[in-house]
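Student:
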Amino acid sequence: MNQYLNFSLQGRVALVTGASYGIGFAIASAFAEQGATICFNDINQELVNKGLAAYKEKGIPVHGYVCDVTDEPAVQAMVKEITETVGPIDILVNNAGIIRRVPMHEMEASDFRRVIDIDLTAPFIVAKAVLPGMMERRHGKIINICSMMSELGRETVSAYAAAKGGLKMLTRNICSEYGQYNIQCNGIGPGYIATPQTAPLREIQPDGSRHPFDAFICAKTPAGRWLDPQELTEPAVFLASEASNAVNGHILYVDGGILAYIGKQPK
């Protein structure tokens, strides 16, 4: 008998926000391989079409929706449509997010609020929309894509760090409030991931040298490299599956060891 069958997502319906590409796309694809039915959204039709084409190329049937996750009525309508046409949502991955790299003293308050809206308020809105159904069925998995920046500070990312720190505590509070309904809410804290968002930070310079930030990250990471989105998929499958039923309110940092590393000792 295979004792690891509880890693299967067969028969589950998963909603992954902002999953047209990057981390969300990788996680949704992994869920599909484990048997889940995939629903995803993005902010406009162009991105949804891009996602639909990418999933089709991999042979993955999906349901795509145009939805701004900061718009509560739109989110409620999307969740209602998924529930009625696809099935009750068993798994939610709050993946949609943005970052603004600006020194704090130069950042407009409107830009700060926009990051908070997408990276913190939106996960609250989407979780709020799916929780009643999960409570009724007494089953649910919520995975919030957090960040190392919920634990560390770095210049130019004050809004992002504030949002992700808040998301870490929202994750723990959902656990505290809804664990009684057999709902598990956990987070994944990615390190520096090679995605389209971070591509400018990895570009080779005109003189052929590495981007200074690329060199900095590779020196700061014990793994000595940027991580691949695919490396987040196994932890996500674990947290979405029955194998993690006793894991709740936890942030799993998939960072190549950065949080444990003070740096190389000078010679």
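Be aware that the sequence shown starts at 1276, since it is given in our numbering, and climbs by one per residue. Every residue, glycine too, gets a C-beta built ideally from N, C-alpha and C. Here the structure is a predicted model, which means the values were calculated and not measured.
(1) Give, in chain order, every unbroken run of the beta strand (DSSP E) that is at least 3 residues long and sits entirely within the region 1453 to 1540.
(2) For the putative contact between G1466 and M1423, defined by C-beta atoms under 8 angstroms, what is the C-beta separation to the nearest angstrom?
(3) Quick one: is K1443 buried, meaning 16 or more other Cβ sit within 10 Å of its Cβ, or exposed?
(4) Starting from the C-beta of A1301, find all residues in its chain whose C-beta is less than 7 angstroms away, skip the five residues before and the five after it, and write them out in chain order.
(5) Between the beta-carbon of D1386 and the beta-carbon of R1375, is there less than 8 angstroms?
(6) Determine, using beta carbons only, whether C1421 and I1463 come nearer to each other than 8 angstroms.
(7) Would you list the residues sitting across from N1319 in a DSSP beta bridge?
(8) Determine contact between the region 1293 to 1300 and the region 1365 to 1372, defined as no fewer than three beta-carbon pairs at a distance below 8 angstroms.
(9) Count the other CB atoms, across all protein chains shown, that sit within 10 Å of the CB of S1516; report buried if there are 16 or more and exposed otherwise.
(10) Return the chain-ordered ranges of every beta strand (DSSP E) run that is complete within the region 1392 to 1456 and spans a minimum of 3 residues.
(11) My understanding is that G1326 touches T1446, with C-beta atoms under 8 angstroms, so please give their C-beta distance in whole angstroms.
(12) For A1349 versus D1343, is the C-beta spacing smaller than 8 angstroms?
(13) Can you tell me whether T1360 is helix, strand or coil according to DSSP?
(14) If I follow the unbroken beta strand (DSSP E) through I1366, where does it start and stop?
Tutor: According to the structure data:
(1) Every unbroken stretch of the beta strand (DSSP E) spanning 3 or more residues and falling wholly within the region 1453 to 1540 is given here in chain order: 1458 to 1465 and 1526 to 1529.
(2) 6 angstroms
(3) buried
(4) P1504, Q1505, L1507 and T1508
(5) Yes, the Cβ-Cβ distance between D1386 and R1375 is below 8 angstroms.
(6) yes
(7) None; N1319 has no bridge partner.
(8) yes
(9) buried
(10) Restricting attention to beta strand (DSSP E) runs no shorter than 3 residues, the region 1392 to 1456 encloses them at 1415 to 1420, ordered along the chain.
(11) So it is not a contact: roughly 25 angstroms between Cβ atoms.
(12) yes
(13) Helix.
(14) I1366 to N1369
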